[in-house]
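Asker: One structure is given below, represented as structure tokens, and several questions about it will come after.
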Amino acid sequence: MALLSKKDTNLILDPLADNNPITIQVLGICSALAITAELKASVVMAVSVIFVMGVGNVVISLMRNVIPSKIRIIAQLIVVATLVIVVDQVLKAFQYELSKTLSVFVGLIITNCIIMGRFEAFALGNGVWRSFLDGIGNALGYGVILIIIGFFRELLGSGTLFGFPVFGDPIAKTGLYSIGYENNGFMIIPPAALIVVGIIIWVQRSMNPALVEEN
Amino acid sequence: MAIDTDKNGYTILFSILMVIVVGSLLAFLASGLSERIKENERFEKQQNILYAMGVNENTPDSGVNFIPTDVVEDKFTERIKSQYVLVNDEVKEDANAFMIDVKKQLAALKAGNEARLPIFVGEKEGKEVYILPMYGKGLWDAIWGFISVDKEMIVQGVYFDHKGETAGLGANIKMRFFMDDFIGESLLDGNSYSGITVSKTNNDPLNEDKEDNEVDAIAGSTITGNGVTSMIKETLKAYKPYLETIRNK
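Structure, rendered in structure tokens:
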């Protein structure tokens, strides 16, 4: 017996491409703008969201029959907030360096609309295993876009990847900089992320015209 | 039997239960871990203070490398000769000065109340260096750090940190290329405590001019840079009485 049925596989694969949370559902844009100036931050955020979404979807799915519908949003919010704070505290105690890198993202994870969106749209109505896969799939779809944006913004904006210089030294004018290349400071500021997202959406829709909405 | 989750009574019961469960979980976790977290914070502070006086594991091309946490406590007691607090222009010895929350003390000072400002005296290559904590505002949130000077008010090293400056821009104040620029600059301009300005117009990206009281700003992070400038100025203002005494030593 296969571990994942075809339906289950789609739960993971769909959000990576044809139902991507950022480029198709246009969710989670704010964090995609805020933290993608560096590739490292993008990767950290992607990993954190994968964890929170996976566990969060499981918890919500377990609780789906007992959560009163009137206060379900608050209940979801409390679940995410608790999860994130628990992780933050444990990291602070045992992995202090890592927790310092992550602390900036704690608030951003709690308010990430993809997380709330998946709780509301999927975990509240589906079983635990399927919810887990859906959470991981959507978080992966989000993470992939984040990493693509981070890659281009750091490369073109600072000339580095993960902090390592790729094109040479811009101050001492070595490598590419010796022939007049300049880093594009615009790539580091948030509007550039919007433009990169726009280009990704454009490329994705021209490759698959079925995604284009009809008016 | 299915529960009627739409009833008001159930909703209230559910909220109460959830608050109790989540609240006690978090309280349990916070009190259980607080000791370890406090210890980590203490090590970090010691690492930062040592870093600012140039005691670190940096190699010429490396990033910021602190003294490892497992030895930092010993190194701290070895290199920091004495700790003082500055209260009402008077200096008193205090072995735990490094645990003082500078943010609160500077706020008290601004409000005109009594403030206890920590000072650390370390030894580097046979001479005394004086390390002062700093605290200020960046673009989004707090910035802080330490600055070490010798008797002539020449900067021996700095350490900056921040809570939430923009990644890739203002957040770079804690990178070596920025912090290293401060080394060798003077806090004095003639006889006045002018500090060091993070300047966008000094035309000196390699920071070869150590006499200008200026370091090169990071492009795109004007407000964080101005925050650093005014943080240094504020620190100098607060510590001026003490700095006067070391200069006249």
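Sequence lines, in order, name chains A and B. Per the working numbering, the first sequence runs over residues 31 to 245. Per the working numbering, the second sequence runs over residues 5 to 253. From the three backbone atoms N, C-alpha and C, an ideal C-beta is built for every residue, glycine too. All of these numbers come straight from a predicted model, not from anything done at the bench.
With 9 Å set as the bound, which would you pick, yes or no: does the beta-carbon of residue 167 (chain A) sit closer than that to a beta-carbon of chain B?
Answerer: So, not an interface residue.
Asker: Count the other C-beta atoms from every protein chain shown that fall within 10 angstroms of the C-beta of residue 216 (chain A), then say buried if there are 16 or more, exposed otherwise.
Answerer: So residue 216 (chain A) ends up on the exposed side.
Asker: If you follow the alpha helix (DSSP H) that residue 34 (chain B) is in, where does it begin and where does it stop?
Answerer: 12-56 is the extent of the alpha helix (DSSP H) around residue 34 (chain B).
Asker: Which residues in chain A sit within 8 Å of residue 121 (chain B), going by Cβ to Cβ distance?
Answerer: The contacting residues do not exist; residue 121 (chain B) stays about 25 Å from chain A at best.
Asker: Could you give the first and the last residue of the continuous beta strand (DSSP E) run that contains residue 164 (chain B)?
Answerer: It spans 159-166 - the beta strand (DSSP E) in which residue 164 (chain B) sits, taken as one unbroken run.
Asker: Apart from the five residues just before and just after residue 138 (chain B), which ones in its own chain have a Cβ nearer than 7 Å to its Cβ?
Answerer: Excluding residues within five positions, the ones whose Cβ falls inside 7 Å are 148, 149, 150, 151, 235, 236, 239.
Asker: Are at least three pairs of beta-carbons, each pair with one atom in the region 176-191 of chain B and one in the region 214-225 of chain B, less than 8 Å apart?
Answerer: Cβ pair count under 8 Å is three or more, so yes.
Asker: Whose C-beta lies closer than 6 Å to the C-beta of residue 89 (chain B) among residues of the same chain, with five residues either side of it excluded?
Answerer: For residue 89 (chain B), where only same-chain residues beyond five positions count, the Cβ hits under 6 Å are 96, 98, 101, 120, 122.
Asker: Within the region 75-106 of chain B, note down every full beta strand (DSSP E) run reaching 3 residues or more, in order along the chain.
Answerer: With a minimum length of 3 residues, the continuous beta strand (DSSP E) runs that stay inside the region 75-106 of chain B are 84-91, 94-97.
Asker: Excluding five sequence neighbours on each side, which residues of the same chain lie with their C-beta closer than 6 Å to the C-beta of residue 31 (chain A)?
Answerer: Its pLDDT being 46, under 50, residue 31 (chain A) is placed unreliably in this model, and the value from its coordinates should be taken loosely. Counting only Cβ-Cβ distances below 6 Å, and skipping sequence neighbours, we find nothing.
Asker: Could you work out which residue in A:58, A:219, A:197 is closest to residue 210 (chain A) when comparing CA atoms only?
Answerer: Comparing Cα positions, the closest option is A:197.
Asker: Can you tell which of B:188, B:146, B:200 has its C-alpha closest to the C-alpha of residue 228 (chain B)?
Answerer: Closest by alpha carbon: B:146.
Asker: Closer than 9 Å, CB to CB, is residue 214 (chain B) near chain A or not?
Answerer: So no, residue 214 (chain B) is outside the interface.
Asker: Could you check what DSSP says for residue 35 (chain A) in three-state terms: helix, strand or coil?
Answerer: Coil.
Asker: Name, please, each residue of chain A whose Cβ falls closer than 9 Å to the Cβ of residue 10 (chain B).
Answerer: Near residue 10 (chain B) (Cβ distances below 9 Å), the residues of chain A are 98, 99, 100.
Asker: How about residue 289 (chain A) and residue 80 (chain A): do their beta carbons lie closer than 9 Å?
Answerer: Because chain A in this structure spans residues 31 to 245, residue 289 (chain A) falls outside the shown range and cannot be described.
Asker: Hey, would you say residue 200 (chain B) sits closer than 9 Å to residue 210 (chain B), going by beta carbons?
Answerer: Contact flag unset, no.
Asker: Tell whether a beta-carbon distance below 9 Å holds between residue 90 (chain A) and residue 114 (chain A).
Answerer: Cβ distance not < 9 Å, so residue 90 (chain A) and residue 114 (chain A) don't count as in contact.
Asker: What whole-angstrom Cβ distance do residue 54 (chain B) and residue 32 (chain B) have, given they're in contact under 8 Å?
Answerer: Going by Cβ atoms, the distance from residue 54 (chain B) to residue 32 (chain B) rounds to 35 Å, so no, they are not a contact pair.
Asker: Please report how far the alpha carbon of residue 38 (chain B) lies from the alpha carbon of residue 30 (chain B), in whole angstroms.
Answerer: Whole-angstrom Cα-Cα distance: 12 Å.
Asker: I'd like the list of long-range same chain contacts for residue 127 (chain B), defined as Cβ closer than 6 Å, with 5 residues on each side in sequence excluded.
Answerer: Answer for residue 127 (chain B): 85, listed in chain order.
Asker: Which word fits residue 164 (chain A), buried or exposed, when buried means at least 16 other C-beta atoms lie within 10 angstroms of its C-beta?
Answerer: It counts as buried.
Asker: Using only the alpha-carbon positions, how far apart do residue 165 (chain B) and residue 227 (chain A) sit?
Answerer: Computed Cα separation, rounded: 31 Å.
Asker: Pop quiz: residue 155 (chain B) and residue 251 (chain B) are said to be a contact at Cβ under 8 Å. What is the actual Cβ separation, rounded to whole angstroms?
Answerer: Yes, they are in contact, since the Cβ atoms of residue 155 (chain B) and residue 251 (chain B) sit about 7 Å apart, within 8 Å.
Asker: If the cut-off is 7 Å on Cβ atoms, which residues from the region 47-67 of chain A count as contacting chain B, listed in chain order?
Answerer: Listed in sequence order: 65, 67.
Asker: Run the CB neighbour count on residue 53 (chain A), radius 10 Å, all protein chains shown included, and call it buried at 16 or more, exposed below.
Answerer: Under this definition residue 53 (chain A) is a buried residue.
Asker: DSSP three-state call for residue 214 (chain B): helix, strand or coil?
Answerer: Here residue 214 (chain B) sits in coil by DSSP.
Asker: Compare the Cα-Cα distances from residue 170 (chain B) to each of A:67, A:158, A:244 and report the closest residue.
Answerer: Here the closest residue by C-alpha is A:67.
Asker: Starting from residue 122 (chain B) and walking both ways along the alpha helix (DSSP H), at which residues does that stretch end?
Answerer: No alpha helix (DSSP H) contains residue 122 (chain B), which is instead part of the beta strand (DSSP E) from 120-128.
Asker: Hey, does residue 204 (chain A) have any beta-carbon neighbour from chain B nearer than 9 Å?
Answerer: No, its Cβ sits nowhere closer than 9 Å to a Cβ of chain B.
Asker: Mind checking whether residue 78 (chain A) and residue 124 (chain A) have CB atoms under 9 Å apart?
Answerer: Cβ atoms of residue 78 (chain A) and residue 124 (chain A): not closer than 9 Å.
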